[in-house]
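Here the structure is laid out as structure tokens; the discussion comes afterwards.
Numbering (our numbering), first residue to last: 4 to 687.
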């Protein structure tokens, strides 16, 4: 068996990448995403390649089923069981309103209504010591009420269960016995971290999506097995790792950003190969634009993710590790529209896969960014998706006409207006991930990916003052390719507040040992041998009196007294980098102890390209492209498949491949490196 396969579901297209480890051949394919049943899109993309799944040695899948179930509120009818007196913590939330002076502000609506929130009158203190035991009879009565209400999922989140999960496990065991067939989620199986509101929210969301995620993964696995797949498939996790379908069904909330993180991991892997430690990733698909920042080769992972957060809406906290990504509704299918005061907007509404942009001819009538790029000559209607999918410039112009008429301008000018509006929305996202976090974009290279990344990337990189833009091989399916470069990953956390100076080292070492044993047990179920598990330790520290923490690296092995000053110094450095100050004389304390466990797997080898012929052989045509302020210019159009190492191109130009196109602006140039990446000098 030699095939390694990755499939990534996007809002518009489902991307498929297959690497033959024996020949080094890479196959990419796209199929329309099928919102009615996402598994159909995966199967359709697989069938289009004509490969035999019996030859598969590894299969990984990035899915949107969890994020869609949550945002569309199409999950299970869920009940919550919590400690007496804390039934309303889920609804009270936090007092830090994002839009302080908005008199019409509405708090997030809980996923569990009040009549489905039940209280168990048990109690632990913050140390995990039992103050009042669980009454089994009380839990049985609660189970009867849950059954009467018809809930199909239950979240159990008790106060201070992060310090001692005993009560939660007992409640979960009783509920599982009394409610056969109902999915039970207990918070201590997800996170062992304080902050009851965030823990409760995360546990509820996991319970809410668990039945849907289980059904989807089971259905997809069955269909793949019918096509010949004989191995356990893996799912891409939000933390940048993978897990088997079996493990993913237990904690589906870890799939909430399953798809987008593949591109970030791929960019980090590519950076190691070509010697770029600092990278800004930029992924423009059909529905959204996503960006993340990699500093010194490290992908940033956060536990402060808030679903649906906006400057005017508090969102829903998800306290599981997620790659730090900023995502906006600006993709190829984003709809252009005029608001109530006459301002042109692009997104966040999207035409999606059905009906898609107007130019697709599938019933869409509203203008999109893809329609605008087609009108501006940046997309060739005869080469779209390698020529297999015909699009119509006439339909694009017809859809754009109302915007042109509203502003009294030509269709071409209206299309440029849509492109400029989308570009500056994307530029703002790029600034949020870089400049506004204290990073100088000049110190970074940008990796453009997604079907539209190379169309907009050269302009945006120049505007951001990024000197080098990298367009990798197969950019349109790069997120799926990145999934092939991932290891299995599990994250563990344990809240235990204690001062750094004079801390209980025996307890600290015991915490890490316990988490490592838990990780090994998880990987044993997934068939990963202990010698293939790698541990990375960190701790969340803060100055005593502070509210929030800074994550700090902690060495492996037994932590000794002599290690504490080094941990303290690392914390001071990280605090200064993040907040521009440090307090070396102030006492510090541990808050959380963290462990990341990687289950290492074999990854594909990236091979250098063979020499190519003359660059003139790569010229396929000429086309007039509208570069806005630089005018409409006649450009050479190059076939990327015929470009080889050392080939150089001066802008303006376009480089086409089967699933994407790179637009090179006047004053920019590119060179093809030894691996086939397009390295663009943005001219800044």
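Where is the CB? At the ideal position from N, CA and C, for every residue including glycine. In this text, all values refer to a predicted model and were calculated from it rather than measured experimentally.
Hey, would you say residue i sits closer than 7 angstroms to residue j, going by beta carbons?
i: residue 553; j: residue 535; result: no
i: residue 422; j: residue 375; result: yes
i: residue 556; j: residue 573; result: yes
i: residue 377; j: residue 406; result: no
i: residue 326; j: residue 243; result: yes
i: residue 82; j: residue 146; result: no
i: residue 451; j: residue 285; result: yes
i: residue 115; j: residue 216; result: no
i: residue 163; j: residue 129; result: yes
i: residue 306; j: residue 42; result: no
i: residue 637; j: residue 620; result: no
i: residue 588; j: residue 579; result: no
i: residue 105; j: residue 287; result: no
i: residue 437; j: residue 296; result: yes
i: residue 493; j: residue 525; result: yes
i: residue 364; j: residue 350; result: no
i: residue 609; j: residue 276; result: yes
Write down the C-beta distance between residue i and residue j rounded to the nearest angstrom, noting that I regard them as a contact closer than 8 angstroms.
i: residue 334; j: residue 290; result: 4 angstroms
i: residue 463; j: residue 433; result: 6 angstroms
i: residue 447; j: residue 281; result: 4 angstroms
i: residue 262; j: residue 239; result: 7 angstroms
i: residue 445; j: residue 468; result: 5 angstroms
i: residue 320; j: residue 309; result: 5 angstroms
i: residue 139; j: residue 161; result: About 15 angstroms; that fails the 8 angstroms criterion.
i: residue 522; j: residue 481; result: Not confirmed; about 30 angstroms, so no contact.
i: residue 206; j: residue 156; result: Not a contact, Cβ separation roughly 11 angstroms.
i: residue 675; j: residue 650; result: 5 angstroms
i: residue 322; j: residue 201; result: 4 angstroms
i: residue 302; j: residue 268; result: 7 angstroms
For residue i, which of helix, strand or coil comes out of DSSP?
i: residue 342; result: coil
i: residue 205; result: helix
i: residue 427; result: helix
i: residue 501; result: strand
i: residue 684; result: strand
i: residue 601; result: strand
i: residue 261; result: coil
i: residue 161; result: coil
i: residue 518; result: helix
i: residue 579; result: helix
i: residue 255; result: helix
i: residue 493; result: strand
i: residue 459; result: helix
i: residue 618; result: helix
i: residue 154; result: coil
When the Cα atoms are used, what is the spatial distance from residue i to residue j?
i: residue 519; j: residue 505; result: 24 angstroms
i: residue 599; j: residue 513; result: 16 angstroms
i: residue 348; j: residue 400; result: 18 angstroms
i: residue 293; j: residue 662; result: 19 angstroms
i: residue 189; j: residue 412; result: 59 angstroms
i: residue 57; j: residue 233; result: 6 angstroms
i: residue 208; j: residue 235; result: 26 angstroms
i: residue 719; j: residue 343; result: Only positions 4 to 687 of the chain appear in the structure, and residue 719 is not among them; the question remains open.
i: residue 624; j: residue 458; result: 18 angstroms
i: residue 499; j: residue 562; result: 16 angstroms
i: residue 339; j: residue 371; result: 5 angstroms
i: residue 453; j: residue 29; result: 17 angstroms
i: residue 35; j: residue 545; result: 48 angstroms
i: residue 249; j: residue 683; result: 43 angstroms
i: residue 27; j: residue 64; result: 21 angstroms
i: residue 571; j: residue 668; result: 48 angstroms
i: residue 211; j: residue 583; result: 40 angstroms
i: residue 693; j: residue 677; result: The structure shown has nothing for residue 693, since the chain only spans 4 to 687.
i: residue 182; j: residue 259; result: 27 angstroms
i: residue 659; j: residue 100; result: 47 angstroms
i: residue 3; j: residue 165; result: In the structure as shown, the chain starts at 4 and stops at 687, and residue 3 therefore has no counterpart that could be examined.
i: residue 671; j: residue 654; result: 5 angstroms
i: residue 486; j: residue 673; result: 27 angstroms
i: residue 219; j: residue 501; result: 43 angstroms
i: residue 558; j: residue 272; result: 24 angstroms
i: residue 313; j: residue 593; result: 31 angstroms
Hey, would you say the C-beta of residue i is under 6 angstroms away from at least one heavy atom of the ligand NAP?
i: residue 164; result: As far as ligands go, the structure on display features none, and thus does not contain the ligand NAP.
Alpha helix (DSSP H) runs wholly inside the stretch 90–148, at least 4 long, in chain order
92–95
At 4 residues or longer, and completely inside the stretch 340–408: list those alpha helix (DSSP H) runs for me, N to C.
372–378
In the stretch 4–55, which residue ranges form an unbroken beta strand (DSSP E) of at least 3 residues, counting only runs that do not cross its ends?
6–12, 16–23, 29–35
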